[in-house]
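Numbering (full-length UniProt numbering), first residue to last: 1 to 347. Virtual Cβ for every residue (Gly too), placed ideally from N, Cα, C. Worksheet for the structure shown next.
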Ligand code: ATP
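Spelled out as structure tokens, the structure:
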């Protein structure tokens, strides 16, 4: 049965390379007009998923539909409706940005005039109008990636697959690509974005599927993932780093009973303590009270949402310890691996 209400529907997808399972029963549903992040460590199966959905690879179990068409039975219909930005650039270094885009237009059978017009439209849209006539070998990493993005949009696809679009870029290049992706979605394109960067998923994605070992281990909006792992945190910055240990002990004991608080994380360099709490207002009031009573001066005191990094830390089992629970449907150990693998840190 086809599903035209969704851009992408994946059910129980399996793919083996020899005896190794790259995808192991992966499920995914993406509505139209959103950015869906697929977040996972090296080897999680992200590229395999994108290659199957873009008809470059055949799966060996389950079902995948893109734009309402089965990728195995109607690959031609799927290809008409998608664009793909892979991990490796497809542009020619010796040609200018404009010549590259014109070439893609001609490959897709646009006439010479239309290919030139489309190249100019896309160069303008991605902030490359001024440099469009320079050879690509003179471009910065961010400019190259924006040109790659422009090339994948020559035929104005409704659904765009971006496979780790900012890997290897410096922070400025990354921000440039993020802006370009946002402007695409404003224009109605559906984006499936794979990434190893938590921050990237947090910045761009409406929903995130955390993938590990070829299956989805946690799923939700960035906010849902954050809420499901313990809600808010109280952050305190002290004037005097020497009081950090005493303040940590006092806060942990007081917030545990008054606000469902968890373990205190201390950052000595930043003179900062951070405590997850179930009840944000009670936590804030209790933190102020206990510090004042002990004569400990705070330079800053705030309640904030957890970051996605903290979500993954939390899913390692700290959550069970502080009683704030875990994400519905999440497999804590597997999600923890996402964090450990990316940061090279064990928790
Ligand atoms: P990365 O972030 O490194 O790109 P990924 O999440 O995209 O990783 P995949 O490239 O899909 O992961 O790989 C999933 C698993 O399948 C890995 O264990 C990988 O070693 C294996 N794999 C991928 N391609 C092949 C292949 N052509 N032959 C054999 N094994 C493969």
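Of the candidates 58, 11, 68, the residue whose Cα lies closest to the Cα of residue 5 is 68.
Taking one beta carbon from each stretch, the stretch 15 to 33 and the stretch 170 to 177 have fewer than 3 pairs nearer than 8 Å; the two do not touch.
For residue 151, there is no enclosing beta strand (DSSP E); the enclosing alpha helix (DSSP H) covers residues 141 to 152.
Not one heavy atom of the ligand ATP sits closer than 7 Å to the Cβ of residue 199. Check the Cα spacing between residue 168 and each of 54, 111, 196, 213: the tightest is with 196. Boundaries of the alpha helix (DSSP H) harbouring residue 121: 112 to 125, taken from the DSSP string. Proximity to residue 40 across 216, 135, 70, 11 peaks at 216, based on C-alpha coordinates.
Taken through DSSP and simplified to helix, strand or coil, residue 175 comes out as helix. The beta carbons of residue 207 and residue 220 sit about 7 Å from each other, so the pair counts as a contact at 8 Å. For residue 52, the uninterrupted alpha helix (DSSP H) segment begins and ends at 46 to 53. Rounded to the nearest whole angstrom, the C-alpha separation of residue 185 and residue 151 is 16 Å. Applying a distance threshold of 5 Å between residue Cβ atoms and the heavy atoms of the ligand ATP selects 17, 22, 42, 43, 44, 45, 46, 47, 48, given in chain order.
Residue 41: not part of any beta strand (DSSP E); DSSP gives it neither H nor E. For residue 75, the uninterrupted alpha helix (DSSP H) segment begins and ends at 75 to 81. At least 8 Å separates the beta-carbon of residue 249 from that of residue 278. Contact check for residue 211 against residue 287 fails: the beta carbons are separated by 8 Å or more. In the three-state reduction of the DSSP assignment, residue 134 falls in the coil class.
Taking residue 291 as reference, the option from 24, 238, 156 with the minimal CA-CA separation is 238.
Remark: C-beta atoms of residue 157 and residue 272 do not approach each other more closely than 8 Å. Beta-bridge partners assigned by DSSP to residue 21: 16. Closest option to residue 46, judged by alpha-carbon separation, among 15, 92, 223, 241: 15.
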